[in-house]
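Worksheet for the structure shown next.
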Amino acid sequence: MEPIIRTKDLSIQFGGHKAVDRVNFEMPEKHFKSIIGPNGAGKTTFFNLLSGELRPTEGDVFFKGESLAKYSSVERTRKGLGRSFQITNVFPNLTVLENVRLAVQSKEKVRFHFIKSYRSYKKITEEALVILDQVLLLNKGEAIASQLSHGEKRKLEIAMLLALDTEVLLLDEPTAGMSLEEVPTILDVIRTIKQRGNKTILLIEHKMDMILDLSDSIMVLFNGKLLADGTPTEIMNNETVQNAYLGGLYDGELVETS
Amino acid sequence: MKTSNLVSKYHVLFLIILLFLIAFPFVADSRTLTILFTQIFIFSILAMSYDILLGYTGIVSFGHAMFFGIGAYATAILLNTFEPTIGVFIGSIAVGIVLSGFVSFLVGLLTLRLKSHFFAMLTLAISGLLLVVAEKWRTVTKGNDGFTFRAPDIFKDRIVFYFCVLACLVIVFLILRRFVQSPLGRLLIAVRENEQRTRSLGFKTLHYKVIASVVAGVIASLAGSLYAVSLRFVNTSVMAMDITLDALLMTIIGGVGTLVGPIVGSVVIEFAQHYLSGLARDFPIFERWIIFFGIIYILAVIFFPKGIVGSILQALSKWKSKHEDRKIFALEKDKEHSP
Chain X
4 MEPIIRTKDL SIQFGGHKAV DRVNFEMPEK HFKSIIGPNG AGKTTFFNLL SGELRPTEGD
64 VFFKGESLAK YSSVERTRKG LGRSFQITNV FPNLTVLENV RLAVQSKEKV RFHFIKSYRS
124 YKKITEEALV ILDQVLLLNK GEAIASQLSH GEKRKLEIAM LLALDTEVLL LDEPTAGMSL
184 EEVPTILDVI RTIKQRGNKT ILLIEHKMDM ILDLSDSIMV LFNGKLLADG TPTEIMNNET
244 VQNAYLGGLY DGELVETS
Chain U
58 MKTSNLVSKY HVLFLIILLF LIAFPFVADS RTLTILFTQI FIFSILAMSY DILLGYTGIV
118 SFGHAMFFGI GAYATAILLN TFEPTIGVFI GSIAVGIVLS GFVSFLVGLL TLRLKSHFFA
178 MLTLAISGLL LVVAEKWRTV TKGNDGFTFR APDIFKDRIV FYFCVLACLV IVFLILRRFV
238 QSPLGRLLIA VRENEQRTRS LGFKTLHYKV IASVVAGVIA SLAGSLYAVS LRFVNTSVMA
298 MDITLDALLM TIIGGVGTLV GPIVGSVVIE FAQHYLSGLA RDFPIFERWI IFFGIIYILA
358 VIFFPKGIVG SILQALSKWK SKHEDRKIFA LEKDKEHSP
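Chains X and U, in that order, are what the protein sequence lines are.
Going by our numbering, the first residue of the first sequence is number 4, and it counts up by one from there.
Going by our numbering, the first residue of the second sequence is number 58, and it counts up by one from there.
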């Protein structure tokens, strides 16, 4: 079966530094893959190459077999590659509901309508409210986005991604900067999306327990190169990965599982 | 329920203001004030058009006067060339609108890809270029000296023209209000708030910026046409930087991104201009009334960055949320005391 997303020798170079170096990876549909690697390994740059924010110096990204080289980030989103951002990236002075409504507007292709008031597009508001309910932000709908707590902003970020309803979700550290108490909520939200089984999800995270809990497979990036790609058990048992990244952190668990 | 009450309150306020403006020329019987109000209406239209750019889409343009100038010249030249009838006047407005729409589309398409400050500089350059064309194309524009022309006879009565401009203001206000409240209008706001995020949601932001530029250009052209008829004279000053600065000042002092703000701003500035320059007879310093404007402008930006209307709306929403908090607190207290 044709993988939904695939890269071929994907590389990007900033001056003399190769941030992503000939990465070949593929993902079947409705699969959950996590990307791990130390800071500076090129994880977010890799996401930027997939979503079209950055252009590769070499190689290509394929979506359902079609090369995405000629498509901008806007067109890639329209094709079905939605992403969230590591640094919270919302519309700060709009309400939470308006933020999500804009994403629903994109999904519903309401782009150049100027005759009727946006309030009369009830379906868009209703869909936005359903999504806010899913990420437990329904009671914050009228709050201004900039006044939300960091954790709530992260939830809003996911809500906007969900509202786009793209086939592939690229989640860039959805729990970054969150307090320990807030993490389980996000984890629940992502788990629910996974359980629905209609999305292909690529997740960048540092929290290993979360990754092991959710992932069908894990790929490891190190210095821009793909170090390993396999099931969570394979990755955990991979000696190179342990030396390069995990540094024996999970030795205890590995002993138990093996 | 609460929202509808609030909306109807605003509607009543607008209706009262409108009735006052309708009754004004009959009650006041002052030719000077009627002309001043006409001028305020015209600059309100111009300032609202600038608000679509600055307030709603976050685009700073230093060349907005070029569209005002295109409208003014289109009307002046056509009324001067043909018999000055209402038909020619309306036709000249249409010509100005089409020309401005075309120029703003081209300028937008070529320059709006650039970062905001480069765009601002380029609009200044293009507007300067058009000003030079107006100066040098003497056979058509009569250069810096300009020319007088006859307006349609019906406008000889200042009150008729007053109502014509008032009608234009109300129609433009209603159209622009609907425009900014439409899904497309919300996208302009999204571009202003976070252009990169808007793109990542799958919207081609350049399209929306060009649309904002065309809408603003077209409305500014209408204001220019009305302005030319109000003076029955046109020269290159209609394309000068002063006009853009006036629109910028009115929008900022009134409150960006509110539509009502620019109207309030033009009332404040036109009245101040009128009375400050009137004071010059007794106090020569007021001959340089523009100095006071500079001071007002600096003070406004420092103390009221949201402008008059923006500050009022902010205070109202603060008061509302405090009021609601107090209500919730009282309800909770009641619950505690109830057995």
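Cβ atoms here follow ideal geometry from the backbone N, Cα and C, with glycine treated the same way.
Inter-residue spacing [alpha-carbon to alpha-carbon] between residue i and residue j
i	j	result
residue 83 of chain X	residue 204 of chain X	12 Å
residue 244 of chain X	residue 50 of chain X	21 Å
residue 231 of chain U	residue 174 of chain U	31 Å
residue 308 of chain U	residue 65 of chain X	48 Å
residue 86 of chain U	residue 105 of chain X	50 Å
residue 123 of chain X	residue 18 of chain X	51 Å
residue 295 of chain U	residue 73 of chain U	33 Å
residue 12 of chain X	residue 74 of chain X	18 Å
residue 59 of chain X	residue 27 of chain X	13 Å
residue 251 of chain X	residue 224 of chain X	Annotation note: pLDDT 49 at residue 251 of chain X (below 50); position unreliable, coordinate value reported separately. Going by the C-alpha atoms only, they are around 17 Å apart.
residue 94 of chain X	residue 254 of chain U	8 Å
residue 335 of chain U	residue 99 of chain U	21 Å
residue 148 of chain U	residue 155 of chain X	55 Å
residue 179 of chain X	residue 349 of chain U	51 Å
residue 305 of chain U	residue 107 of chain X	34 Å
residue 271 of chain U	residue 380 of chain U	42 Å
residue 88 of chain U	residue 96 of chain U	12 Å
residue 232 of chain X	residue 213 of chain X	18 Å
residue 153 of chain X	residue 81 of chain U	54 Å
residue 280 of chain U	residue 142 of chain X	45 Å
residue 255 of chain X	residue 265 of chain U	Summary for residue 255 of chain X: the model assigns pLDDT 38, below 50, so the residue's position carries little reliability; its value from the coordinates is reported in the next sentence. Computed Cα separation, rounded: 56 Å.
residue 124 of chain U	residue 161 of chain U	8 Å
residue 67 of chain X	residue 211 of chain X	30 Å
residue 391 of chain U	residue 383 of chain U	12 Å
residue 186 of chain U	residue 173 of chain X	47 Å
residue 106 of chain U	residue 338 of chain U	35 Å
residue 84 of chain U	residue 92 of chain U	14 Å
residue 285 of chain U	residue 127 of chain U	11 Å
residue 119 of chain U	residue 182 of chain U	9 Å
Within 8 Å, strictly: CB atoms of residue i and residue j
i	j	result
residue 33 of chain X	residue 221 of chain X	no
residue 184 of chain U	residue 133 of chain U	no
residue 171 of chain X	residue 62 of chain X	no
residue 282 of chain U	residue 153 of chain U	yes
residue 144 of chain X	residue 99 of chain X	yes
residue 30 of chain X	residue 15 of chain X	no
residue 120 of chain X	residue 238 of chain U	yes
residue 297 of chain U	residue 188 of chain U	yes
residue 140 of chain X	residue 250 of chain U	no
residue 322 of chain U	residue 351 of chain U	no
residue 257 of chain U	residue 149 of chain X	no
residue 245 of chain U	residue 269 of chain U	yes
residue 275 of chain U	residue 157 of chain U	yes
Residues bridged to residue i (per DSSP)
i	result
residue 26 of chain X	X:13
residue 93 of chain X	Residue 93 of chain X pairs with nothing; no bridge assigned.
residue 222 of chain X	X:38 and X:232
residue 61 of chain X	X:14
residue 86 of chain X	X:173
residue 204 of chain X	X:35 and X:172
residue 20 of chain X	X:17
residue 291 of chain U	U:204
residue 98 of chain X	X:147
residue 8 of chain X	X:30 and X:66
Residues near residue i by beta carbon distance below 6 Å, same chain, minus five either side
i	result
residue 198 of chain U	191
residue 134 of chain X	103, 162, 165 and 166
residue 21 of chain X	227
residue 261 of chain X	Any answer about residue 261 of chain X is weak, because its pLDDT of 29 lies below 50 and its placement is not dependable; what the coordinates show is given next. So no residue of the chain qualifies.
residue 342 of chain U	none
Residues near residue i by beta carbon distance below 8 Å, same chain, minus five either side
i	result
residue 218 of chain X	35, 36, 37, 206 and 235
residue 354 of chain U	306, 309 and 310
residue 18 of chain U	The structure shown does not extend to residue 18 of chain U, since chain U is modelled only from 58 to 396, so the question has no answer here.
Same chain, Cβ closer than 7 Å to residue i, five either side skipped, listed in chain order
i	result
residue 263 of chain U	169 and 170
residue 217 of chain U	211
residue 117 of chain U	111, 173 and 177
Selection of the stretch 247-273 of chain U by Cβ proximity to chain X, strictly under 7 Å: 247, 250, 251, 254, 256, 257, 258, 259, 260 and 261
Members of the stretch 360-384 of chain U that neighbour chain X once the beta carbon cut-off is set at 9 Å: none
Scan the stretch 310-326 of chain U for residues whose Cβ lies nearer than 9 Å to a Cβ of chain X and list them as they occur along the chain. none
Within 9 Å of chain X by C-beta, residues of the stretch 91-110 of chain U in sequence order: none
What are the residues in the stretch 218-245 of chain U lying within 8 Å of chain X by C-beta distance? 235, 236, 238, 239, 240, 241, 242, 243 and 244
Closer than 9 Å, Cβ to Cβ, to anything on chain U: give me those residues from the stretch 113-144 of chain X, in chain order. 113, 114, 115, 116, 117, 118, 119, 120, 121, 122, 124 and 127
Going along the stretch 199-212 of chain X in order, which residues come within less than 9 Å of chain U, judged by CB to CB distance? none
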